[in-house]
Structures are given as structure tokens and as C-alpha cells.
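Notes to accompany the following structure.
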Amino acid sequence: MNWKDVRYYQYEQIKEVIESNNEYLDKTVGLIDILFNVDCNNLSLSEYGEYCKKLKFIEQDIPVAEIKDKYGKYKLIKELSNIKTNQFIDFQHFAKSKDTVGILSVFLIPENKEYLQDYDIEEVKEYIRNMNVVDVLSIYSFFLLYSQTYIKCFQLSIINQKKKLKMKIRMKRLTTFQICKLYFRYVKKRMKHIVRLWKCRLLKCYISFRLSFTKMSKKEKE
12 MNWKDVRYYQ
22 YEQIKEVIES
32 NNEYLDKTVG
42 LIDILFNVDC
52 NNLSLSEYGE
62 YCKKLKFIEQ
72 DIPVAEIKDK
82 YGKYKLIKEL
92 SNIKTNQFID
102 FQHFAKSKDT
112 VGILSVFLIP
122 ENKEYLQDYD
132 IEEVKEYIRN
142 MNVVDVLSIY
152 SFFLLYSQTY
162 IKCFQLSIIN
172 QKKKLKMKIR
182 MKRLTTFQIC
192 KLYFRYVKKR
202 MKHIVRLWKC
212 RLLKCYISFR
222 LSFTKMSKKE
232 KE
């Protein structure tokens with residue numbers, strides 16, 4: 012057995028058992044009950060030992076799976092720019108409460124359907140709970156990281172638009188003389204930059220010439 016064999020609802024139960032502080036709870040027995048639906052009280056010691064061996068995979072990290080375009084009869088909307096406003100609002104709400112199933116229900120939509128139109132969202136959530144935990148957590152991580160990058164880019168775009176708007180308003184208020192003055196300053200700075208650039212180039216040429224001349228002088232002396 013490995014993590015791909017574990018349903019997401021089982022993973023949530025596993026987490027609850029592992030993180031429990033109940034000193035009377037035998038965590039191994041709890042895990043066997045969750046994963047194999049077996050009553051340990053009716054097992055022989057050898058059978059119990061075999062089930063314990065099957066639990067070894069829990070010590071390993073959950074792998075990351077490749078994100079697919081479809082999961083069963085559901086399509087996955089990968090581009091945040093393609094979602095509607097109500098989807099994005101729901102996504103932010105679920106992200107704040109760290110509701111993994113809720114987040115996936117925003118992006119997993121029945122084929123040929125629009126978000127929350129003509130289908131039961133609870134059926135989608137039930138499907139997600141029964142998906143393997145590797146797929147669920149991979150999709151969850153993808154959208155969490157992607158959304159953070161997307162929101163930052165979106166905020167920067169808004170800031171740039173505001174700056175441009177302020178600049179346009181300011182330019183409209185400037186007189187012709189002030190605009191010419193600003194343009195002259197710009198040209199002056201550009202000229203200084205060009206002069207410095209040519210000085211550097213000429214200096215390089217001079218140094219190169221001096222080195223070549225020195226080498227030739229040495230050869231002639233020899």
C-alpha cells in the first residue's frame with residue numbers, strides 16, 4: 012500500500028489520529044481501522060503484525076502528482092484569469108479557512124457546465140473527498156502557490172496603472188513651457204550618458220592601442 016491508495020477523507024482521519032493527544036488512543040489500531048476497516052480486537056498477533064508492516068508508507072512524504080486537465084467527469088480550470096468573480100471570491104474564502112475540498116470545488120467543474128450552474132456542488136465535494144490524497148494535495152498546492160503569484164502580479168499591474176494615470180493627469184496640468192523644460196532635462200541626461208559611454212569606449216581603445224604598441228616595441232628591441 013502507498014499514499015495513492017489513500018482517499019482524501021481517510022487522510023483527514025489519519026491526521027486526526029496522528030495529531031491526537033488522547034493517551035488512551037492506540038494510534039496504530041486507529042490507523043488500521045481507517046485504512047483497512049478491520050477490528051484489531053479480532054486479529055491474531057501475526058495478522059496484526061502484517062497490518063503494521065502495511066502502515067510503513069505513512070512515514071514517507073506524500074508525493075507530488077502531475078496536474079491533469081480532467082479528473083473523472085470533471086474538468087480542471089487551471090487559469091485564474093479564466094474564472095468568474097464569484098469563483099475567485101469563493102476561492103479566497105476557502106483559502107482563508109484552509110478548506111482543501113472547498114478550494115478544489117471552485118476549480119473542478121462538470122464538463123460543459125458553468126460554475127454553480129445546473130449541477131450539485133455537494134456531489135463535486137463528495138467526489139473530491141473520495142479522490143486519492145496525492146491528487147488532491149497536488150492540486151491544492153498548485154492553486155495556493157499560483158494564486159499568490161497571480162495576486163501579486165495583479166496588484167503590481169494596478170499600481171502601475173495608477174502611476175500612469177497620475178502621470179497623465181499631471182502632464183495635462185503642465186504648461187507647454189514646463190513640458191519643454193522637462194524634455195530638455197531628459198535630453199541633457201541622455202547626452203551626459205552618451206558622452207560617458209563614448210569616453211569609456213575611447214579609453215578602452217586607447218588602452219588597447221597602448222598595449223599593442225608596447226608589445227611591438229618589446230619585439231623590436233629583442
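My numbering applies: residue 12 is where the sequence shown begins, and numbers increase by one.
Just so it is clear, CB atoms sit at the ideal spot from N, CA and C, and this is done for glycine as well.
Residue from the options whose Cα sits closest to the Cα of residue i
i: residue 88; options: 114, 16, 108 and 76; result: 114
i: residue 156; options: 12, 102 and 135; result: 102
i: residue 86; options: 118, 50, 130 and 132; result: 118
i: residue 123; options: 27, 63 and 84; result: 84
i: residue 77; options: 207, 153 and 205; result: 153
i: residue 65; options: 16, 203, 137 and 126; result: 16
i: residue 80; options: 202, 201, 146 and 130; result: 146
i: residue 71; options: 109, 12 and 104; result: 12
Element boundaries [alpha helix (DSSP H), containing residue i]
i: residue 89; result: Element bounds for residue 89: n/a, residue is neither H nor E.
i: residue 54; result: Where residue 54 is concerned, there is no enclosing alpha helix (DSSP H), given that its DSSP letter is neither H nor E.
i: residue 10; result: The first residue shown for the chain is 12 and the last is 233, placing residue 10 beyond what the model contains.
i: residue 97; result: 96–107
i: residue 29; result: 19–29
i: residue 41; result: 38–47
i: residue 132; result: 132–140
Residue i burial status per 10 Å Cβ neighbour count (16 or more: buried)
i: residue 120; result: buried
i: residue 29; result: exposed
i: residue 148; result: buried
i: residue 142; result: buried
i: residue 56; result: exposed
i: residue 139; result: buried
i: residue 75; result: exposed
i: residue 116; result: buried
i: residue 27; result: exposed
Whole-number beta carbon distance between residue j and residue i, since they are thought to touch under 8 Å
i: residue 47; j: residue 14; result: Actually they do not touch by this definition, with Cβ atoms about 15 Å apart.
i: residue 144; j: residue 22; result: 4 Å
i: residue 151; j: residue 111; result: 5 Å
i: residue 25; j: residue 43; result: Rounded, the Cβ-Cβ distance is 11 Å, inconsistent with contact.
i: residue 39; j: residue 63; result: 6 Å
i: residue 126; j: residue 98; result: 5 Å
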